[in-house]
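Number of protein chains: 4
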Amino acid sequence: MDDAPQAAIAAPARALTEAMAAIYGRGWCDGTGGNFSCVLQRNPLRLLMAPSGVHKGAVAPEALIEVDDHGTVVRGSGKASAETALHLSIVEQCQAGAVLHTHSQAGTLLSHWALPQGHVELKDLEMLKGLSGISTHACSVRLPVLANDQNLQRLSALAAPLLPQAPQGLLIAGHGLYAWGDNLNSAMRHLEILEFLLEQHWRQLLLRAVAPPHSA
Amino acid sequence: MDDAPQAAIAAPARALTEAMAAIYGRGWCDGTGGNFSCVLQRNPLRLLMAPSGVHKGAVAPEALIEVDDHGTVVRGSGKASAETALHLSIVEQCQAGAVLHTHSQAGTLLSHWALPQGHVELKDLEMLKGLSGISTHACSVRLPVLANDQNLQRLSALAAPLLPQAPQGLLIAGHGLYAWGDNLNSAMRHLEILEFLLEQHWRQLLLRAVAPPHSA
Amino acid sequence: MDDAPQAAIAAPARALTEAMAAIYGRGWCDGTGGNFSCVLQRNPLRLLMAPSGVHKGAVAPEALIEVDDHGTVVRGSGKASAETALHLSIVEQCQAGAVLHTHSQAGTLLSHWALPQGHVELKDLEMLKGLSGISTHACSVRLPVLANDQNLQRLSALAAPLLPQAPQGLLIAGHGLYAWGDNLNSAMRHLEILEFLLEQHWRQLLLRAVAPPHSA
Amino acid sequence: MDDAPQAAIAAPARALTEAMAAIYGRGWCDGTGGNFSCVLQRNPLRLLMAPSGVHKGAVAPEALIEVDDHGTVVRGSGKASAETALHLSIVEQCQAGAVLHTHSQAGTLLSHWALPQGHVELKDLEMLKGLSGISTHACSVRLPVLANDQNLQRLSALAAPLLPQAPQGLLIAGHGLYAWGDNLNSAMRHLEILEFLLEQHWRQLLLRAVAPPHSA
């Protein structure tokens, strides 16, 4: 176990638990669903995250755990979620500083629905500009969808080749969304943007199917 | 009436009223709908619950009542709801420590809609893992649906054979959901999970009916 | 103007403004929509209500006005809404102690949709038992729908014959819901029940139209 | 940079940030979407607004910026959004005292859907009376829809001829709503009214497409 003073992680721990409470308040991590992490340091890697199996809306900052690059808990009590493997892949391959994994209605719905295509296509929407590197609505973004798998090593291996092109987000079918960013603030921005776009997408599918434009 | 000090039930009473306020905040017990209970002791059985006919979002801990295994009020003022009979069946047959009965939009909608089949089938969803005893999304869970009946003794007798197999939950048609668990925390987790899955199920029915996968 | 001490109305004024803030919080009186009143005394009649044209979510108790049985403001500053005429009809014909008029999405939607039939039929739902005088789900309730009219005297005259049979509520087409009760608490209960049932009704119409029961 | 005391703008700055927090709370400016301004003085014009690229739900009053009639920042740090050009057009052509630009689900959905017609038609709804100058539900209002354009000078030029007739609001396709008013309070009222009417409109399209009136 590390000996570094607890004080050093007080600010990120408070920020992460506040983010988790806000995410729970939106209904994106009911039950004990979802998981959330942020990078404390890179060499060696230390990831701050919620322990497995707890209610994410009411975690105290001191109840967070710290894991290394093998997903081993190096500080705090509680088990690391099996999903830590995917958090670590994203942190390493995308240079992400924070990873937010939610179980929203729209994310669950569209990830299931779009699995045959392998992606959800999002286009011509101003909100796309909230994603890093996008400066116009006039573009098309493909959010990858992977089949769900309880073997997270296997799932992470399948996700790996998709991560470099992924628009700061990835869907697991019937499961939910992973969103990330350089730091917790940008990961939160990407999460809000992608959840907004997913909610928008299914409403668009519904409306256009029953009342095509021009038909009014 | 019991003489045990009121202090002994202060913590569970506060926890139950906080849970009720949170449940009201989500719109799952409007009007004076729903009812909520937790076990204080087993031998003899003492169930702490809200009195009948009150607004469940703003009950003071000291306004809760205590009933015995016949549903007779043994402490506090106010009437026990007729639905106490079903709470007691669940507590006894499922060894539940808490029972949460809600009137949500999705629970009311699907319980009515699925009555002819007698169940709502929930499958291939990660959130199923939030139910005790389920460790993979790759499964199918049948949430039983019973016809509504103002005779709660009769309704409880019909529910009895279904309870041992029920996934910590049961629907009454056009009425709502009963969810339970070993204690208040696990009952709340099961409630959030089942409400999430019901909301998901009707959105899935809607989307798939008007825009089948592959059609995009 | 009356001379009675302001203190006498402090409690009902606070209760009414708290109810209005809660109603606004649910999105049922956006803009400056809706109006809300409660009876202070019967002989002569004094009705406490919000002035016309103000945001109903943030009215101070001392900003409420008091009107007599002709709708004339007898205390406080501000204009009485034209809708006061309908509040007064309901108070007088239904012996209501409080009247709550909302502009919700479901109320607006179904009032417009159901105008040709002249009512919305609500049946086989446990939540109906939240309406005074109903003790079983196995019943059918017709919520009357009237065409909207900017002439509130004329609208009130058309509403009058319907009020005695109305289930503590009435819809005005493309406009919203009036709900009432013996006192503010029961009016709030009826409002929550009717809004729940209206929201349920349109979801039911939608789901049954695209995915009839048995079809799954 | 101006030398006027910061105190002079304390009240409008607090009011504007409170409005932004309320708007964020409704889910109308997720990510760093939306922008919001109010006029501090007319000659010369000084517009108080949020800087570009910040989360609009948690801006401190002192973090707001002040721009002149060319969109140049004359007080505070941070960049003015490119959308300032459209805020200025509206302030100048409509004599607006405040402009609120949101990215809601309904605004995004219908602006995209209705682009071929060039407007969303809103009619026969009581809530229309919440718009300045409208005194009856029995009217039809056309909310203009413009194609989105990252060149805000060009977009503002196209908007200019539409502004005098616009019902205190304008949609940009796949982007969102601009609403305005004489002051911040009336702009907020118009925003709530227009967002309500847009949400209502798409539910109406959906319901009427699958379950036409009379069909029940």
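Residue numbers (this note's numbering), protein chains in the order written: chain A, 1 to 216; chain B, 1001 to 1216; chain C, 2001 to 2216; chain D, 3001 to 3216.
Every residue gets a Cβ at the ideal spot worked out from N, C-alpha and C, and that includes glycine.
Keep in mind it's a predicted model, so treat the numbers as computed, not measured.
Check, Outcome
"Where S186/A falls: helix, strand or coil (DSSP)", "helix"
"Limits of the unbroken alpha helix (DSSP H) element including G3169/D", "Run containing G3169/D: none in the alpha helix (DSSP H); it sits in the beta strand (DSSP E), G3169 to I3172."
"Any C-beta of chain D under 8 Å from that of I261/A", "Limits of chain A in this structure are 1 at one end and 216 at the other, which puts residue 261/A out of reach."
"Status (buried if at least 16 other CB within 10 Å, exposed otherwise) for Q3204/D", "buried"
"Residue-chain proximity (H2227/C, chain D), Cβ-Cβ < 8 Å", "Limits of chain C in this structure are 2001 at one end and 2216 at the other, which puts residue 2227/C out of reach."
"Contact set between L1206/B and chain C, taken where Cβ atoms lie within less than 8 Å", "L2206, L2207, V2210 and A2211"
"Beta carbon of R1154/B nearer than 8 Å to that of H1119/B", "no"
"Among A2082/C, L2064/C and Q2168/C, nearest to H2074/C - alpha-carbon criterion", "At residue 2074/C the sequence reads Val, which differs from the His that was named. Looking at the Cα atoms, L2064/C is the closest of the given residues."
"Inter-residue Cα distance where the pair is A3008/D and L3184/D", "17 Å"
"Bounding residues of the beta strand (DSSP E) (the contiguous stretch that carries W113/A)", "Premise fails: W113/A lies in the alpha helix (DSSP H), Q105 to W113, not in any beta strand (DSSP E)."
"Partner residues on chain D for T2136/C, Cβ-Cβ distance less than 8 Å", "Neighbours of T2136/C on chain D: none; closest Cβ ~23 Å, over 8 Å."
"Chain-order list of residues whose beta-carbon lies under 6 Å from that of E199/A (same chain, five-residue window excluded)", "A106"
"Beta-carbon spacing of V1067/B, Y1178/B below 8 Å", "no"
"Sufficient close CB pairs (3 or more, under 8 Å) joining the stretch 38-56 of chain A to the stretch 125-139 of chain A", "no"
"Short CB-CB distance (under 8 Å) between R1142/B and chain A", "no"
"Closest residue to G2181/C among H2087/C, G2027/C and V2059/C (Cα-Cα distance)", "H2087/C"
"The alpha helix (DSSP H) enclosing R14/A, as first and last residue numbers", "A10 to G25"
"DSSP-derived helix/strand/coil call for W180/A", "strand"
"Collapsed DSSP secondary structure at E3199/D in the structure displayed", "helix"
"Where E126/A falls: helix, strand or coil (DSSP)", "helix"
"Span of the beta strand (DSSP E) around E3066/D", "I3065 to V3067"
"Residue-chain proximity (G107/A, chain B), Cβ-Cβ < 8 Å", "no"
"Residue-chain proximity (H190/A, chain B), Cβ-Cβ < 8 Å", "no"
"Interface residues of the stretch 3112-3129 of chain D facing chain C [CB-CB below 8 Å]", "D3124, L3125, E3126 and M3127"
"Beta carbon of D1030/B nearer than 8 Å to that of I2193/C", "yes"
"Classification of N43/A by the beta-carbon crowding that lies within 10 angstroms, buried from 16 upward", "exposed"
"Whole runs of the beta strand (DSSP E) within the stretch 1133-1173 of chain B, excluding any shorter than 3 residues", "1140-1146 and 1169-1172"
"Local Cβ density within 10 Å of E3062/D, reported as buried at 16 or more and exposed below that", "exposed"
"Nearest residue (CA-CA) to T1084/B, options F1036/B, L1206/B, V1145/B and A1011/B", "F1036/B"
"Contacts of F196/A in chain D (Cβ-Cβ under 9 Å)", "G3027, D3030, G3031, G3033, H3103, Q3105 and T3108"
"Candidates V39/A, L110/A and M127/A, of which the one nearest L170/A by Cα", "L110/A"
"A1209/B burial status per 10 Å Cβ neighbour count (16 or more: buried)", "buried"
"Integer-rounded CB distance, given that L3122/D should sit under 8 Å from H3201/D", "6 Å"
"beta-carbon T1032/B near the ligand PLP non-hydrogen atom, thresh 7 Å", "The ligand PLP is not part of the structure shown, which contains no ligands of any sort."
"Among A211/A, H103/A, S140/A and W113/A, nearest to K1129/B - alpha-carbon criterion", "H103/A"
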